[in-house]
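Line by line, the protein sequences are chains A and B.
Note that full-length UniProt numbering has the first sequence beginning at 1, numbered continuously upward.
Note that full-length UniProt numbering has the second sequence beginning at 1, numbered continuously upward.
Ideal Cβ positions, reconstructed from N, Cα and C, are used throughout, including at glycine.
Computed from a prediction, not measured in an experiment: that's the story for all the values here.
Single-structure report; data block below.
There are 2 protein chains.
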Amino acid sequence: MNKPASSDGTVGKALETLDMVAELGRPVRFTELLAMSPHPKATLYRLLQTLTNQGMLAYDEARQTYSPGLRLVRLAHFAWRQSSLAPIARPHLDALAAAVGETVHLAQMDRGQVLYVDKRNAVDPIEMFSQAGKVGPGYCTGVGKAIMAHLEGEARQNAINQQAFFRHTNTTLTTTEALEAELDEIRSEGVAFDREEHEPGIICIAAPILTEGGRVLGALSVTTSTSRQSLEQLSDLRPKVQSTAIKIAETAEVWQFPT
Amino acid sequence: MNKPASSDGTVGKALETLDMVAELGRPVRFTELLAMSPHPKATLYRLLQTLTNQGMLAYDEARQTYSPGLRLVRLAHFAWRQSSLAPIARPHLDALAAAVGETVHLAQMDRGQVLYVDKRNAVDPIEMFSQAGKVGPGYCTGVGKAIMAHLEGEARQNAINQQAFFRHTNTTLTTTEALEAELDEIRSEGVAFDREEHEPGIICIAAPILTEGGRVLGALSVTTSTSRQSLEQLSDLRPKVQSTAIKIAETAEVWQFPT
DNA sequence: GGAAATGGTTTCATTATTTGAAACATATGT
DNA sequence: ACATATGTTTCAAATAATGAAACCATTTCC
Chain A
1 MNKPASSDGT VGKALETLDM VAELGRPVRF TELLAMSPHP KATLYRLLQT LTNQGMLAYD
61 EARQTYSPGL RLVRLAHFAW RQSSLAPIAR PHLDALAAAV GETVHLAQMD RGQVLYVDKR
121 NAVDPIEMFS QAGKVGPGYC TGVGKAIMAH LEGEARQNAI NQQAFFRHTN TTLTTTEALE
181 AELDEIRSEG VAFDREEHEP GIICIAAPIL TEGGRVLGAL SVTTSTSRQS LEQLSDLRPK
241 VQSTAIKIAE TAEVWQFPT
Chain B
1 MNKPASSDGT VGKALETLDM VAELGRPVRF TELLAMSPHP KATLYRLLQT LTNQGMLAYD
61 EARQTYSPGL RLVRLAHFAW RQSSLAPIAR PHLDALAAAV GETVHLAQMD RGQVLYVDKR
121 NAVDPIEMFS QAGKVGPGYC TGVGKAIMAH LEGEARQNAI NQQAFFRHTN TTLTTTEALE
181 AELDEIRSEG VAFDREEHEP GIICIAAPIL TEGGRVLGAL SVTTSTSRQS LEQLSDLRPK
241 VQSTAIKIAE TAEVWQFPT
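Written as structure tokens, this is what we have:
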């Protein structure tokens, strides 16, 4: 009886494998996967075959490499429409972006990481390179902290435990204690700031999107660089950011968005 | 020994179930799924549990409903970047859209259906998975026919066999014979037209994206309405559409896009 | 040219997971 | 309280997954 980290039978293993391929972000050969996989050759081979049959992976005959398959794009379309805040938040994000003229992000939490579900880029007519679907760390982004600050009890501990606490810059919070203190602060403050904790020169203000009952659905942020605005200037945007968050929450409530 | 359509063991069943939930496009209750599922109660129950654990489905406690989960969005991000033509085609689509001032679609084939992987809308800018990830029929869209026309032998028959041949309008092709004749025509012509076959008043011109070796990677189209342009006017765009298709193919070749 | 290595695929007896009818819970309505 | 609809758990039987090893096909090295 051995415990392979965490998995739901064969399906779990298959999906873990799919993740491995996807997160590499480039075509991979069988052998390379074998090296990082916990499974023996034959098992991995069949997992990959199954995933390929199913269109979850694409196999390039010529190069003998695997990549994530297009079936995922199709499935994600539905997920994005139904389970993300993006469709609901759209007009509000548009308005906010127009008003502040800076980059605006909309994010939700997915297994301890921040998942960006929509974005407005002030200047260029959209960096269409799929920002939706990108993931980022929770402990050193404005949206991540804003969301975590409003998680309760177990969910919060869970999220905190999943953080990597890698020191990206010298302001990055690198301990659970520091993060917890910051989250309490954010909770009472109502907004979160990213003080160059993820990337030097990049700062943001973020507000949680909270339901009537206090459940956190996601967060949104306005991001800028220290060369353009100071933290103080950013914090002047608080009313706009918060009211946008509230409007999104209200719209979600009307639409009966699942929590 | 019974043959449940087509499946790869447990993983196949799980993914089929995931598809079912996703394609309904709205939250579903257990019982509703049970009705359409080939599996007994307990089996379906556990499949759903597994998928939920894995983040492929989201379960709304309050409403007791399942929806596609956000993990899909995250996975699809990678799929879209790696396995779709969209990143490669981006500048070319931009240019074409600017030149023609009409809606431009980029599509690939996924299991007999047209999968739109990018879009330019003359007016409003795009949101990621709202357009990308959408699927449409193959037999009555310009892109669908353009792609199928350049599939060879078995692949082509396969694609044809997967068509539903539902009569959307009175110009819709509703038999394999009619479609095959049309595909031959398209192949020799080089471009495909949608003559209001899918929606009344909507017409388009589409060109296949072909590799050096004649393999079809996808197709792109310019869509308009009969109130704005006639078929004849649309066909004047042929040079622009075709040269864009060629440029995309060349870029794909340089980038070693997997076929 | 031949040997060895590399990378991918298949076999098959063993083992573990999945299965599903039925019993059990837990609401929701009468 | 009763009935009904819906969701969850049990457990022996059926099935599918496993993985060591053999196999096949290329490429690389001597």
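Are the C-beta atoms of residue i and some chain A residue less than 8 Å apart?
i	result
Ser-136/B	The residue asked about is misnamed: residue 136/B is Gly in this sequence, not Ser. It does not: the Cβ of Gly-136/B has no partner Cβ on chain A nearer than 8 Å.
Asp-8/B	yes
Trp-80/B	yes
Gly-25/B	yes
Asn-53/B	yes
Ala-164/B	no
Val-73/B	yes
Thr-50/B	yes
Val-11/B	yes
Leu-151/B	no
Ala-95/B	no
Arg-63/B	yes
Ala-159/B	no
Lys-247/B	no
Gly-142/B	no
Under 8 Å between the Cβ atoms of residue i and residue j?
i	j	result
Val-73/A	Val-21/B	no
Leu-183/B	Met-148/B	yes
residue 262/A	Leu-34/A	There is no way to answer for residue 262/A, as the model of chain A reaches only from 1 to 259.
Met-56/A	Leu-15/B	yes
Gln-54/A	Phe-30/A	no
Gly-12/A	Thr-50/B	yes
Glu-180/A	Ile-160/A	yes
Gln-163/A	Tyr-139/A	yes
Gly-201/A	Ser-227/A	yes
Glu-102/A	Thr-224/A	yes
Ala-146/A	Ile-186/A	yes
Phe-193/A	Leu-231/A	yes
Spatial neighbours of residue i within its chain, please: C-beta separation below 6 Å, excluding the five flanking residues on both sides.
i	result
Arg-238/A	Val-191
Val-104/A	Leu-93, Leu-96, Ala-97, Arg-120 and Val-222
Met-128/A	In this prediction, Met-128/A has a pLDDT of 36, which is less than 50 and means its spatial position is unreliable; what the coordinates show is noted afterwards. Excluding positions up to five away in sequence, the list is empty.
Thr-171/B	Arg-195, Glu-196 and Glu-197
Under 8 Å Cβ-Cβ, which residues of chain B neighbour residue i?
i	result
Met-56/A	Leu-15
Leu-18/A	Leu-75
Arg-111/A	Gly-55 and Arg-71
Within its chain, find whatever has a CB closer than 8 Å to the CB of residue i; leave out the 5 residues flanking it on each side and keep chain order.
i	result
Val-135/B	Asp-110, Gln-113, Val-114, Leu-115 and Tyr-116
Thr-52/A	Ala-58, Tyr-59, Tyr-66 and Gly-69
Leu-220/B	Ala-89, Leu-93, Leu-96, Val-104, His-105, Leu-106, Ala-107, Val-143, Ala-206, Ala-207, Ile-209, Val-241, Thr-244, Ala-245 and Ile-248
Thr-211/A	Leu-217, Ala-249, Ala-252, Glu-253 and Thr-259
residue 260/A	Residue numbering for chain A in the displayed model covers 1 to 259; residue 260/A lies beyond these limits and cannot be assessed.
Leu-18/A	Leu-51, Met-56, Leu-57 and Pro-68
Met-36/B	Met-20
Tell me where the beta strand (DSSP E) around residue i begins and ends.
i	result
Arg-111/A	Where Arg-111/A is concerned, there is no enclosing beta strand (DSSP E), given that its DSSP letter is neither H nor E.
Pro-87/B	Looking at the DSSP string, Pro-87/B is not in any beta strand (DSSP E); the run it does join, the alpha helix (DSSP H), is 86-100.
Arg-195/B	192-195
Asp-60/A	57-60
Thr-224/B	216-225
Note down, in chain order, every chain A residue with its Cβ under 7 Å from the Cβ of residue i.
i	result
Gln-108/B	Leu-70
Can you find a CB in chain B that lies within less than 8 Å of the CB of residue i?
i	result
His-39/A	no
Leu-115/A	yes
Gly-218/A	no
Ala-22/A	yes
Please list, in chain order, the chain B residues whose beta carbon lies closer than 9 Å to that of residue i.
i	result
Ser-67/A	Phe-78, Ala-79, Gln-82, Ser-83 and Pro-258
Tell me which residues share the same chain as residue i and place their Cβ nearer than 7 Å to its Cβ, disregarding the 5 neighbours each side in the sequence.
i	result
Thr-10/B	none
Val-28/B	Val-21, Thr-65 and Tyr-66
Thr-141/B	Val-114, Asp-194 and His-198
Pro-87/B	Arg-81
Grab the span of the alpha helix (DSSP H) containing residue i for me, first residue to last.
i	result
Val-28/A	Where Val-28/A is concerned, there is no enclosing alpha helix (DSSP H), given that its DSSP letter is neither H nor E.
Val-143/B	142-149
Gly-138/A	Taken as a continuous stretch (DSSP letters only), Gly-138/A belongs to no alpha helix (DSSP H), as it is neither H nor E.
Leu-48/A	41-53
Ser-243/A	238-254
Ala-159/A	153-161
Leu-75/A	71-83
Counting only Cβ pairs nearer than 8 Å, list the residues of chain A close to residue i.
i	result
Arg-215/B	Neighbours of Arg-215/B on chain A: none; closest Cβ ~11 Å, over 8 Å.
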